[in-house]
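Numbering (the numbering used here), first residue to last: 1 to 200. Each residue gets a CB set at the ideal place from its N, CA and C atoms; glycine is no exception. Only one structure is covered here, and it is reproduced in the block below.
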Ligand SMILES: Cc1cc2nc3c(=O)[nH]c(=O)nc-3n(C[C@H](O)[C@H](O)[C@H](O)COP(=O)(O)O)c2cc1C
């Protein structure tokens, strides 16, 4: 089993989602000691932002790329290869300004490629990246369940992964983390209880 572990929090050691993804991966590995791990820390840098230079680099044949374009396209190919090789993906997904961290959106931009992970057919879009399991560690400072905005960041992530063909998606949630220390501890403890079952 290949596990891809992705963190996107910018809060370093203080990050709730980082501690949850760490525990989820540890539980997965305890159950499958032969698992091969890959780790990508998106919070550490924003390299490979999906901008005009990245689009041009990806669209240019390798033999015509400048050194800079080759580096950009190479980064995109590495991110895609990691995604395609993974059987199980663990994603740390904090809510920042009601959405995902922009670094995680950039990763999504690099794995959502027509002809590789989805295609349009006469009968509508078809995901090409099925047969993967995804566990999302979703965190938020406020409480969003039942509110008009809801957990929009997680809903978007689930929708996007479904578009790519991934149906086996589970979410471990810890919200209300910024309300106070007691609420934070309680939310993290509840999330840790559920993650044992989810990652079993
Ligand atoms: C830049 C930034 C924006 C945030 N925006 C929101 C928000 O829109 N709604 C919310 O409930 N919490 C928000 N928070 C609080 C985070 O969701 C909370 O700190 C959570 O623990 C983040 O997960 P992390 O600790 O893994 O980074 C924000 C935090 C940061 C740093």
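Assign residue i to buried or exposed, taking buried as 16 or more other Cβ atoms, counted over all protein chains shown, within 10 Å of its Cβ.
i           : result
residue 7   : buried
residue 100 : buried
residue 123 : exposed
residue 185 : exposed
residue 129 : buried
Report all residues from its chain with a CB closer than 8 Å to the CB of residue i; omit the five preceding and five following residues, and keep chain order.
i           : result
residue 172 : 20, 24, 135, 136, 137, 138, 191, 194, 195 and 198
residue 106 : 42, 46, 48, 49 and 50
Could you tell me whether any non-hydrogen atom of ligand 1 is closer than 7 Å to the CB of residue i?
i           : result
residue 16  : yes
residue 139 : yes
residue 31  : no
residue 91  : no
residue 74  : no
Closest to residue i by C-alpha separation, out of the options, would be which residue?
i           : options             : result
residue 1   : 73, 64 and 84       : 84
residue 90  : 96, 97 and 82       : 82
residue 116 : 79, 147 and 149     : 79
residue 73  : 92, 94 and 49       : 49
residue 103 : 162, 170, 97 and 42 : 42
residue 167 : 174, 157 and 175    : 157
Where DSSP assigns a beta bridge to residue i, which residues make up the other side?
i           : result
residue 118 : 114 and 127
residue 61  : Residue 61 is not bridged to any residue.
Got a sec? Which residues, its chain only, sit under 6 Å from residue i by beta carbon, not counting five neighbours each side?
i         : result
residue 4 : 38, 82, 86 and 89
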